[in-house]
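So the sequences go chain by chain: U and G.
When you line the first sequence up against the numbering used here, it's residues 1 to 244, in that order.
When you line the second sequence up against the numbering used here, it's residues 1 to 263, in that order.
Backbone N, C-alpha and C fix where the C-beta goes; we use that ideal spot for every residue, glycine too.
Since we're looking at a predicted model, the values are computed, not measured.
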Amino acid sequence: MINKIQELNALEQLSGGDTYAHRLNPAAKLLATAVFIITVISFGRHALMLLVPYVFFLTLLMILSETPHLILLKRFLVALPFCFFAGISNVIFEPAPYGLISFFTILLRAYLCVMAALLLVSVTPFCEIANSMRRLRVPGVFVAVLEMTYRYISVLLGEAYSMYIAYSLRNAGKKGIRMRDMGSFAGQLLLRSFDRAERVYNAMKCRGYVLNAIPQNRQNFASKDFIFLILVCIFCLAFRLMVI
Amino acid sequence: MHMSDALISPAVGITMCAVSAAAIAYSAKKSVNEKKIPMMGVMGAFVFAAQMIDVAIPGTGSSGHITGGILLAAMIGAFPALLSMSAVLIIQCLFFGDGGLLALGCNIFNLGVVPCLIVYPLVFEPIVNKDVNPGKITLASIFAVVAGLQLGAFGVVLQTHISGVAELPFSAFAALMQSIHLIIGIAEGIVTAAILCFVYKMRPEIMEFALDRDTAKSYLSKGVIAAFTVSVLLGGFVLSQFSSENPDGLEWSIENASESIEK
């Protein structure tokens, strides 16, 4: 549980960097990531070799943004199992060489898509993503909920963790929580969260919170953002159109 | 059961994103009560934390965790629950690599829209009705969670199948997913029931409040659901036909190659 909090903080710290990639407009980065992912997954099942240029492209972006590859890779490996098992079936059900090719293609697709999303948040602070969502007309209520959830995850994880420690100390260090205690355990956490939410709301009101406040320090699309977006699109399309 | 970018086609991904975006926009319109925002945010964080707590599953030696869609809906109402659940899924996708950006649409649909907007008003609310008691809560949560997970798992199977990236045979994959999620569903149903009964014992007003309010039922007539399902299926089907009409070069060449070898 503590690991999760640290993981969350690690990306947040990375996003505070100051490279060329960090200074781009968040909306441009969001759109570029979407273009990249859609291009990658539009390739056919056996397009293993055709995806290689995209690996280089992603690696280049990571180097330019000084993102440590290892941190992102670890996270990718944690999320991998489902794809792995779905992919294994291709090896079994398809004739010999194609099954293996499509299996590795699935893994490579997973790698590219997950890394692209992780790279996006490691070069963009979360509040900026939220603000650009507001500008893209995502309902204000939803963005507020998103931001609030993000802020309170570490608080509630910490709370759950200390309850968990207390529980296992009184339970001779057994792993996990017994089913019959789960109701009162999680219920207690839930009631605490409920009360906290009420105090948070009162505190926010006291400080003059307005729901649909227009985000300040608005970053406009500068020429460098357009250039970046166009470069990404050209790259993605060029290698995609080659095979059509 | 997070869907992954690697296993879906662009057509399926974009269709599901559009559907989920519409559901979020509608829910945002329905839950405008500003006072509820910190509640939704903190409850989202609660689900996140609750997913980290491992429950020992008796007799197996293994452990699992809850997903929390029905729990959220019972505590804060269907529409706010969808918003919280979506927020959790977006954060998991962005910061922990669960699923993917384009697969978010599928994930929000399977784990958010299905339990909160479809199963909760159709299964949970009718069973619990107005006069709440622990027996009803237990029955309702087990049924609702099982139904939610079954539908959600079936969504995963359908989306994977329509995308056609993984070669899993439809019936075998469906049988596997449904049976695994039946077991998970019963376990989660029991845990959900225990949590809700505890909350009801300590603070009955919270749940009664959630039941009284907004009842999605009134907006969610059977006709709306039918139209919704049909449009999703049709949209996915049409788009996938459209995209498979132009197989890309390599696939085409491999097909040809394999045919000529067979000849």
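So with CB distances below 7 Å, who are the chain U contacts of residue i?
| i | result |
| --- | --- |
| Val199 (chain G) | Gly187, Leu190, Leu191 |
| Ala28 (chain G) | Pro139, Val141, Phe142 |
Assuming residue i and residue j make a contact with CB atoms under 8 Å, what is their CB distance in whole Å?
| i | j | result |
| --- | --- | --- |
| Phe154 (chain G) | Gln178 (chain G) | 7 Å |
| Leu82 (chain G) | Leu117 (chain G) | 6 Å |
| Leu70 (chain U) | Leu119 (chain U) | The Cβ separation is near 13 Å, so there is no contact. |
| Val145 (chain U) | Met202 (chain G) | So it is not a contact: roughly 25 Å between Cβ atoms. |
| His267 (chain G) | Gly99 (chain G) | The question about residue 267 (chain G) has no answer, for chain G in this structure spans 1 to 263. |
| Ser9 (chain G) | Ile41 (chain U) | 7 Å |
| Asp5 (chain G) | Arg109 (chain U) | 7 Å |
| Tyr20 (chain U) | Leu61 (chain U) | No, Tyr20 (chain U) and Leu61 (chain U) are not in contact; Cβ-Cβ is about 10 Å, not under 8 Å. |
Terminal residues of the continuous alpha helix (DSSP H) containing residue i?
| i | result |
| --- | --- |
| His39 (chain U) | Contrary to the premise, residue 39 (chain U) reads as Thr rather than His in this sequence. Counting along the chain, the alpha helix (DSSP H) containing Thr39 (chain U) begins and ends at 26 to 41. |
| Glu188 (chain G) | 170 to 202 |
| Ile302 (chain G) | No statement about residue 302 (chain G) is possible, as the shown extent of chain G runs from 1 to 263 and does not include it. |
| Ser4 (chain G) | Unbroken run through Ser4 (chain G): none, as it is neither H nor E. |
| Thr138 (chain G) | 134 to 163 |
| Ala160 (chain U) | 140 to 169 |
| Ala46 (chain U) | Per the sequence shown, residue 46 (chain U) should be read as His rather than Ala. Counting along the chain, His46 (chain U) falls outside any alpha helix (DSSP H), and DSSP gives it neither H nor E. |
| Pro126 (chain G) | 125 to 128 |
| Ala222 (chain U) | Per DSSP, Ala222 (chain U) belongs to no alpha helix (DSSP H) and is neither H nor E. |
| Asp181 (chain U) | 179 to 206 |
| Lys74 (chain U) | 69 to 79 |
| Val245 (chain U) | Because chain U is modelled from 1 through 244, residue 245 (chain U) falls outside the range shown and cannot be assessed. |
| Ile63 (chain U) | 52 to 64 |
| Ala130 (chain U) | 126 to 135 |
| Ala21 (chain U) | 20 to 23 |
Taking 8 Å as the CB-CB cut-off, is residue i touching chain G?
| i | result |
| --- | --- |
| Leu8 (chain U) | yes |
| Leu146 (chain U) | yes |
| Ile38 (chain U) | yes |
| Glu128 (chain U) | no |
| Phe93 (chain U) | yes |
| Pro139 (chain U) | yes |
| Tyr54 (chain U) | no |
| Phe235 (chain U) | no |
| Thr33 (chain U) | yes |
| Leu241 (chain U) | no |
| Phe226 (chain U) | no |
| Val182 (chain U) | The question names Val, but residue 182 (chain U) is Met in the sequence shown. Cβ-Cβ to chain G under 8 Å: yes for Met182 (chain U). |
| Ala21 (chain U) | no |
| Ile41 (chain U) | yes |
| Val200 (chain U) | yes |
Which residues in chain G have a C-beta closer than 9 Å to the C-beta of residue i? List them in chain order.
| i | result |
| --- | --- |
| Leu157 (chain U) | Ala45, Phe48, Ala49, Met52 |
| Val232 (chain U) | The contacting residues do not exist; Val232 (chain U) stays about 15 Å from chain G at best. |
Does the CB of residue i have a neighbour CB from chain U at under 8 Å?
| i | result |
| --- | --- |
| Thr160 (chain G) | yes |
| Ser31 (chain G) | yes |
| Ile153 (chain G) | The question names Ile, but residue 153 (chain G) is Ala in the sequence shown. Closer than 8 Å: no. |
| Ile70 (chain G) | no |
| Pro10 (chain G) | yes |
| Ala73 (chain G) | no |
| Ala177 (chain G) | Reading off the sequence, residue 177 (chain G) comes out as Met, not Ala. So no, Met177 (chain G) is outside the interface. |
| Gly100 (chain G) | yes |
| Met16 (chain G) | no |
| Phe242 (chain G) | For Phe242 (chain G), the pLDDT reaches just 48, beneath the cut-off of 50, and the residue's location in the model is therefore unreliable, although a value from the coordinates is still provided. So no, Phe242 (chain G) is outside the interface. |
| Ala22 (chain G) | no |
| Ile137 (chain G) | no |
| Val42 (chain G) | yes |
| Ala25 (chain G) | yes |
| Glu259 (chain G) | Its pLDDT being 49, under 50, Glu259 (chain G) is placed unreliably by the model, and the measurement read from it follows with that caveat. With 8 Å as the cut-off, Glu259 (chain G) does not count as an interface residue toward chain U. |
Listing by chain order, which chain G residues have their CB less than 7 Å from the CB of residue i?
| i | result |
| --- | --- |
| Phe76 (chain U) | Gly97 |
| Lys4 (chain U) | Met52 |
| Cys206 (chain U) | By Cβ distance, chain G contributes nothing, its closest Cβ being about 13 Å from Cys206 (chain U), past 7 Å. |
List, in chain order, every chain G residue whose beta-carbon is nearer than 8 Å to that of residue i.
| i | result |
| --- | --- |
| Ile106 (chain U) | Ala6, Leu7, Val165, Ala166 |
| Glu66 (chain U) | Neighbours of Glu66 (chain U) on chain G: none; closest Cβ ~19 Å, over 8 Å. |
| Ala197 (chain U) | Pro38, Met39, Gly41, Val42, Met43 |
Could you work out which residues of chain U lie near residue i, taking near to mean beta carbons separated by less than 9 Å?
| i | result |
| --- | --- |
| Pro115 (chain G) | Those within 9 Å of Pro115 (chain G) in chain U number zero; the least Cβ separation is about 17 Å. |
| His2 (chain G) | Ala79, Phe82 |
| Met207 (chain G) | Neighbours of Met207 (chain G) on chain U: none; closest Cβ ~11 Å, over 9 Å. |
| Val146 (chain G) | None at all; the shortest Cβ gap to chain U is about 16 Å. |
For residue i, which residues in chain B fall below 7 Å Cβ to Cβ?
| i | result |
| --- | --- |
| Pro134 (chain G) | You won't find chain B in this structure, because its protein chains are U and G. |
Just the chain U side, please: which residues come within less than 8 Å of residue i by C-beta, in chain order?
| i | result |
| --- | --- |
| Cys93 (chain G) | Ala117 |
| Leu83 (chain G) | Val141, Phe142, Val145 |
Alpha helix (DSSP H) runs contained entirely in the segment 89 to 119 of chain U, provided each spans 4 or more residues
Scanning the segment 89 to 119 of chain U from its first residue to its last, no whole alpha helix (DSSP H) run of 4-plus residues comes out.
Entirely within the segment 16 to 55 of chain G and at least 4 residues each: give me those alpha helix (DSSP H) ranges in chain order.
Scanning the segment 16 to 55 of chain G for uninterrupted alpha helix (DSSP H) segments of 4 residues or longer gives 36 to 52, listed from N- to C-terminal end.
Completely contained alpha helix (DSSP H) runs for the segment 90 to 123 of chain G, where each covers 4 or more residues:
At a cut-off of 4 residues, the continuous stretches assigned as alpha helix (DSSP H) that sit fully inside the segment 90 to 123 of chain G are 104 to 108.
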